[in-house]
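Be aware that the sequence shown starts at 212, since it is given in the working numbering, and climbs by one per residue. For reference, the structure is listed below as structure tokens.
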Amino acid sequence: MSDMNRLLKHMQLKPIVADSLDFAEFLSRLKEQPEIADTAPALILRAVRNRGVVDIEKEPADRRGYLELLQAMRIPAWKAFDHVRGSQRTVHRIMSALASAANGGYELRKALLLIGGPGCGKSYLANAIKATLEGELVYVVDGCPIHENPINLLKLLSAEQLEALAIELGMNDPEKGVTLNQLLKVAGEPCKHCWKKVMIESNEGGVVKYHESPNLGSVKITEMRLTSRNFGITTWVQTEGGCSLVETLKQGSRGVVDLPEMCAVQKPGDGETLQIDALINATEDRTVPDLTSCGDNAGTLPLNALIIGQSNQGSWDAFLNGQKDPKKFTRRMNIHSVPYITARVEEELVYREFVAGLIKKPHFDPNAFGLAATLAVGSRLTAVTGLSPIAKVRLYNGETFVVRKESTSSSGSYGGYGTYSTPSTPAQWTEKELSELMKASNAEVKDEKTREGMFGLDLPFMLAFVGSLADQAMRGPKHPAFPGADPCVTAIGMIDALRARLEAFKDTNGLTDQDKKLVETLLSTWMKKPKDTSDTPGLLEKEYRRLLKQQILDAFSPDYERRAQDMFKKYQLHARHYGNGLTKFRLPGTAKDIDVDTGFLDLVDKGRSLREQSPTVREYRGSIDAQINNLTFSQGTLPSEDADKEIDWTTLPELKQAIEDYLNADIAKKVERILAKKYDLLDEEDKEAFDAAFASFKEHGYCEICFERALEYAKELKLWAKAQD
Ligand SMILES: [Zn+2]
Ligand SMILES: [Zn+2]
């Protein structure tokens with residue numbers, strides 16, 4: 212090893228040139244690893260897959276439900292795109308397009324066009340693809356102006372020569388793996404430079420002597436890394452005196468060419484054509500014009516790249532309107548809408564990451580970001596008759612719970628929610644109905660413009676709001692009781708600030724009718740401020756109450772999970788025998804007969820409203836095993852239907868709710884006893900329980916200020932005793 216190589220190794224830097232070889236060596240490597248002949252889409256696909264998928268078990272608890280939902284829907288969460296929060300469904304569509312391109316399908320001759328509003332993540336997606344390719348190895352013909360793949364040179368051989376070569380390499384039988392013929396189907400035609408190299412024997416004084424057949428022995432091949440600083444990863448922005456699109460395409464060959472402002476076209480001068488026209492041949496024929504030696508029968512260069520265009524809907528429409536033949540472009544584009552984030556936990560992560568990047572920042576109540584995210588995501592989702600907007604947000608977040616049917620009169624045309632009324636019938640959505648709803652949410656759309664999540668409060672709006680709220684809090688007074696603590700944005704403070712922001716937004720100039728309708732609906736149904744403690748608040752504060760109630764109950768019952776699991780096991784066991792009409796049964800693993808505990812079953816059932824499908828108590832109890840068995844056979848689109856997931860107390864939403872109701876009622880008594888008195892007046896045991904609860908709140912991210920505020924709020928409403936809806 213040379214000194215320099217040792218140094219590079221020490222610094223863990225990888226050289227741009229990884230290896231040099233001759234054509235024979237290339238062929239022997241091709242036999243072992245046919246993927247070295249890959250097209251750019253195939254290379255990208257492989258690079259993404261090599262980085263693997265997010266390990267759900269290692270993710271924070273509040274993100275797991277969402278990732279499990281994706282898993283149940285057969286949507287992988289690729290690590291390469293994990294930092295583009297909430298992009299998993301969009302990435303799944305892009306990966307499918309890449310897979311058909313890699314397979315030589317029609318997508319190979321199309322550019323990927325990402326369309327979406329400000330801050331939807333399209334540039335993050337393009338950047339993630341570019342970052343994934345950084346450092347990937349490709350084989351290139353030495354000196355080729357477009358770094359073409361040596362496989363292209365085989366196109367110069369005759370059919371007989373190719374057949375002989377395929378037999379020699381053992382790459383002639385599709386049963387035994389990839390054949391040479393298959394690889395050549397997606398290869399390009401060699402450029403003039405490479406052609407000359409293998410075809411011209413000598414050129415003396417203008418007398419050119421050609422080889423009888425291509426002399427591949429003279430070809431040198433280099434194994435090189437793609438990098439944005441050399442070739443294979445390029446970005447084109449049309450500027451005066453900047454790189455031409457043709458040059459950028461040429462430099463990006465073997466990898467990716469990103470056009471972040473594809474539709475920002477300048478007007479062509481007299482007799483000039485638009486640079487963007489180069490995209491037509493670049494996609495349709497996968498070539499770019501060879502401008503290196505004009506006049507010398509220049510010809511074309513074989514392009515092998517994924518072209519990514521980015522635009523918003525308005526610019527794309529305007530671009531097409533300006534074209535004589537718009538179809539010329541639409542035919543060559545694989546259009547993907549990039550919706551805003553529709554998963555609450557992912558939106559929340561973006562806010563958290565944004566605030567973490569601020570130099571001075573206040574403390575935030577741990578519910579504050581979740582609530583802002585609930586409003587933002589809720590504003591983007593389309594209305595479903597009978598489904599509360601909050602329930603939809605929670606479903607999309609991968610939460611399993613009993614979803615009640617609502618009697619709403621929906622009048623939303625912006626895709627939001629109309630007037631919201633208290634449910635009169637507590638009927639439930641069945642798992643089947645919910646599954647179908649989720650399937651529909653993920654179905655292909657005919658018109659990409661109608662994809663869910665393309666409209667609503669956008670991310671730049673939300674981040675600007677969060678940023679100014681942080682500023683405001685830092686400028687505000689310190690809490691008198693905690694002068695040493697950072698200022699804190701409480702949950703109610705967040706709700707009030709969101710309301711004020713929307714009120715101000717309502718008065719902004721230049722709002723569209725759609726915007727106006729959105730902000731009105733949000734203010735009237737989501738943000739309604741309750742007049743007093745008995746008044747019903749808007750959806751967002753209601754959701755806060757639900758979250759806070761559960762946090763309090765969890766904090767005062769640290770063994771909640773274990774108790775719930777014990778109850779589930781006991782219920783399952785006793786319900787099975789009850790359903791079979793027995794009053795006694797043998798305890799598994801023992802010789803002991805015990806009574807079916809109907810008192811216990813009744814207690815759990817008390818909070819449960821029987822389903823229409825199970826008209827009797829006996830029928831419901833007898834169906835528990837069958838419900839669980841069904842799950843182990845069928846795989847649906849909800850996390851609870853994922854057969855790979857372990858069965859636990861949360862698996863059956865209806866039973867989970869009954870167990871929660873039972874436990875919550877029990878814990879509420881304890882909470883009532885402890886919180887009703889001043890701390891100093893509590894007995895030792897209750898003091899300990901209170902301290903443990905405070906420790907648990909702190910663990911969840913509360914500071915003294917927001918803990919105190921949250922507790923005051925909960926006490927005022929006796930939140931722990933309130934029925935959940
Ligand atoms: Zn070439
Ligand atoms: Zn705080």
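No residue lacks a Cβ here, since even glycine has one placed at the ideal position from N, Cα and C. Treat the numbers as computed from the prediction; the structure is a model and nothing was measured.
Between which residues of its own chain and Lys572 is the CB-CB distance below 6 Å, once the five residues before and five after are set aside? Val566, Ala681
Should Tyr782 be counted as a contact of ligand 2 given a C-beta to heavy atom distance under 7 Å? no
Asp230 - DSSP class collapsed to helix/strand/coil: strand
Own chain residues within Cβ distance below 8 Å of Arg884, not counting five before or after: Asp897
Quick one, what's near ligand 2 if you take every residue whose CB is closer than 5 Å to any heavy atom, in chain order? His574, Cys699, Cys914, Ile916, Cys917
Am I right that Ala587 and Glu557 are in contact with their C-beta atoms under 8 Å? What's the rounded C-beta distance? In fact, because the Cβ distance is near 11 Å, the residues do not count as touching under 8 Å.
Pair within 8 Å by beta-carbon distance, Leu734 and Glu714: yes
Examine ligand 1 and report whether any of its heavy atoms sits within less than 7 Å of the Cβ of Ile552. no
In whole angstroms, give me the CA-to-CA distance for Leu668 and Ser590. 6 Å
Since Gln902 is in the alpha helix (DSSP H), which residue starts that stretch and which ends it? Here residue 902 is Asp; the residue named in the question, Gln, does not match the sequence. Element bounds for Asp902: 895-910.
Excluding the 5 residues preceding and the 5 following Ser231 in the sequence, name in chain order all residues of the same chain whose CB lies nearer than 6 Å to its CB. Thr433
Arg605 vs Phe580 beta-carbon contact at 8 Å: no
Give the C-beta separation of Gly263 and Leu344 to the nearest angstrom, bearing in mind that I take them to be a contact with Cβ-Cβ under 8 Å. At roughly 16 Å, the Cβ-Cβ gap does not stay under 8 Å, so Gly263 and Leu344 are not in contact.
Provide the residue span of the beta strand (DSSP E) that contains Pro361, from first to last. No beta strand (DSSP E) holds Pro361; DSSP gives it neither H nor E.
Please work out which residues of its chain come closer than 6 Å, Cβ to Cβ, to Gly687, disregarding the five sequence neighbours upstream and downstream, and give them in chain order. Pro698
Just to confirm the assignment, what range does the alpha helix (DSSP H) spanning Ile491 have? 489-495
Where do the ends of the beta strand (DSSP E) carrying Thr446 lie? 444-446
Chain D beta carbons: is any one of them nearer than 8 Å to that of Ala370? Among the protein chains of the structure shown there is no chain D, as only one such chain exists.
Using C-beta distances below 8 Å, list every residue in its chain close to Leu514, excluding the 5 sequence neighbours before and after it, in chain order. Ile357, Gly399, Leu460, Lys461, Ser464, Ala493, Arg497, Thr498, Val499
Could you spell out the range, first to last residue, of the beta strand (DSSP E) harbouring Ala692? From DSSP, Ala692 is part of no beta strand (DSSP E); its letter is neither H nor E.
With distances taken between CB atoms, is the gap from Gly327 to Met665 smaller than 8 Å? yes
Nearest-angstrom beta carbon gap, Glu659 and Ser548 [assumed within contact, 8 Å]: 4 Å
Stretch-stretch touch, CB-based, cutoff 8 Å, three pairs: the stretch 307-318 with the stretch 266-276: no
Please list, in chain order, all residues of the same chain as Leu709 whose beta carbon is under 7 Å from its beta carbon, the five residues on each side excluded. Ala583, Leu586, Met738
Under DSSP, the beta strand (DSSP E) around Ala604 begins and ends at which residues? Note on identity: in this sequence residue 604 is Val, with Ala being the wrong assignment. Not the beta strand (DSSP E): Val604 falls in the alpha helix (DSSP H), residues 600-607.
Does the stretch 802-817 come close enough to the stretch 782-792 that 3 or more CB-CB pairs lie under 8 Å? yes
So is the beta-carbon of Pro401 under 7 Å away from any non-hydrogen atom of ligand 1? yes
Is Ile432 near ligand 1, judged by its Cβ being under 7 Å from some heavy atom? no
For ligand 1, is there a heavy atom less than 7 Å away from the beta-carbon of Ile357? yes
Could you check the C-alpha separation between Gln783 and Leu325 for me, to the nearest Å? 49 Å
Under the rule that 16 or more other beta-carbon atoms within 10 Å means buried, what is Arg274, buried or exposed? buried
Just list the residues that DSSP pairs Glu434 with in beta bridges. Asp230, Tyr350
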